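Colleague: For the sequence shown, counting from 1, position 99 maps to 99 in UniProt numbering; every step adds exactly one. Dropping the structure in here first, questions after.
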Amino acid sequence: MSMFKTISRAFRFQSRRSYQTYYTPKYGRFLRIPMDHVPQSLGIATARGDNPCNEDRLAYGYMNGIKQCNGEHDSPFFYGVFDGHGGSECSQYLAENLGRILEENNFANAKAILHEAKSIGGYAEKLKSPFPLSLLPYLRTESRVWQAKLYYSFLDADLRYLRANMSPDSEKAIPGSVGTVAVITTQTSKPYWDSDAYHIHLAHVGDTRAILCDARTGRAHRLTFQHNLSNHGEANRLQKYSVNFCMDSFGQRRFAYVANTRSFGEGYKLKRLGVSCEPQLTSLSCLRDDWAFLILVTDGITDVITDAELTDIVKLSSNPQDAAQNVLRYAQSIGSVDDLSCLVISLPGWGRRTINDFTNDLRDTKSSAPIRPQ
């Protein structure tokens, strides 16, 4: 997978050169385009909060290793945001490897992945894939194929990380991570930003967030929901298998002393209790003028900024790179203490976005209010 990087410091980034770091158009003159040199296409910003180190990681890449059903199609683009906890080992692993695992996934090892996942026992033993093995060869629509690839790739990445960091009989806890991944595809030889139609495929676990901005109205549309006990579906899922619920000092319900009920890593013990990495899956078919941009963020931002504020800050910025940095500056100015990360991906409707500010008064009020210690 080309153009694949890992972001690890505030407004600075480190790259692993095991992958090419450019996009080459499928046809026409060959022009190598480094993504981090195109601020009008992709915005990247991350910063450490009050933690000793930044446990967030961002990743992006051009999956030129994937052969589309039709050879005329351009290859997909991969974007991901990962929020580590208990250390950065898991988020770092995902940023470096999940894109490659997804790129190489052709369902050949799907049976082995399910078998290994179920062998963990407990909740995992009753794992039921929404994409049964017998039906994988017959998936025809692009959305179903990509959802299945994302589902099995999430499971595969989780199992590889667990296997590399602990023995199956160990009860210890290890660092984990939540995350949101977006894959953007087209059915033409052009990249998505130059196409009349494109597709967005999302996979999500935990409390990171994906938000689309409607190019016509300027309104925010959240694509992900948080996996915790305040989610009725998650509470019902876990109550069937576990009674490890408690209250924290703020009156929030907790499960097995973790904030998120779906996550990568954590350890085999929590997998048996139901802390799964089965992702929420979403696919959208989009036309050129539908959406202005896609935002992927960690909870260091969404804990203090609403979806509407986020989209207003981005659409009022000159380009996605300025937008990502403006989001971080605003979050820090109103008291965010967690690690903060933001990816802003411009979509074909960016140049036609509605420039209206729905939250100007709210942002002024929050900016002028004294910051309360957290």
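Positions of the beta carbon are idealized from the N, C-alpha and C atoms, including for glycine. Given the structure is predicted, the values throughout are model-derived calculations rather than measurements.
To which residues of the same chain is L287 closer than 6 Å at the C-beta, ignoring the five residues directly before and after it?
Modeller: If we look at L287 and ignore the five residues flanking it on each side, its Cβ neighbours are A197.
Colleague: Please specify which runs of the alpha helix (DSSP H), each continuous and at least 4 residues long, are wholly inside the segment 301-338, giving them in chain order.
Modeller: Entirely contained in the segment 301-338, the alpha helix (DSSP H) runs reaching 4 residues are, in chain order, 307-315, 320-333.
Colleague: Answer with buried or exposed for G233, where buried requires no fewer than 16 other C-beta atoms within 10 angstroms of its C-beta.
Modeller: With fewer than 16 other Cβ atoms within 10 Å, it is exposed.
Colleague: In three-state DSSP terms, what is A157?
Modeller: Three-state result, A157: helix.
Colleague: At which residues does the beta strand (DSSP E) containing I184 begin and terminate?
Modeller: Segment 176-185, the beta strand (DSSP E) holding I184.
Colleague: Please classify K315: is it buried, with 16 or more other beta-carbons within 10 angstroms of its beta-carbon, or exposed?
Modeller: Label assigned to K315: buried.
Colleague: For D214, name the three-state secondary structure that DSSP assigns.
Modeller: Residue state, collapsed to three classes: strand.
Colleague: Mapping the DSSP letters down to three states, classify L98 as helix, strand or coil.
Modeller: Residue state, collapsed to three classes: helix.
Colleague: I need the straight-line Cα distance from W291 to R216, nearest angstrom please.
Modeller: Using only the alpha carbons, I get a separation of about 8 Å.
Colleague: Do T224 and R209 have their CB atoms nearer than 7 Å?
Modeller: A contact, by the Cβ cut-off of 7 Å.
Colleague: Give every residue of the same chain whose Cβ lies closer than 6 Å to the Cβ of T359, excluding the five residues on either side of it in the sequence, and list them in chain order.
Modeller: Around T359: A308, E309, D312.
Colleague: For V275, which three-state DSSP category applies?
Modeller: If DSSP states are grouped into helix, strand and coil, V275 belongs with coil.
Colleague: What distance in whole Å lies between the Cβ atoms of F293 and C90, which are believed to be in contact at a cut-off of 8 Å?
Modeller: Rounded, the Cβ-Cβ distance is 28 Å, inconsistent with contact.
Colleague: Just to confirm, are A323 and G99 a CB contact at a threshold of 7 Å?
Modeller: In this structure, G99 does not lie closer than 7 Å to A323 by Cβ.
Colleague: How long is the line joining the alpha carbons of I345 and P137, rounded to whole angstroms?
Modeller: Roughly 32 Å between the two C-alpha positions.
Colleague: Going straight from the alpha carbon of V258 to that of S195, what length do you get?
Modeller: Rounded to the nearest angstrom, the two C-alpha atoms are 42 Å apart.
Colleague: Kindly indicate which residue of L94, L270, Y123 has the alpha-carbon position closest to the one of S170.
Modeller: The shortest Cα separation from S170 among L94, L270, Y123 belongs to L270.
Colleague: For E278, is the classification buried or exposed, using 16 other Cβ atoms within 10 angstroms of its Cβ as the cut-off for buried?
Modeller: Its Cβ being crowded by 16 or more others within 10 Å, E278 is buried.
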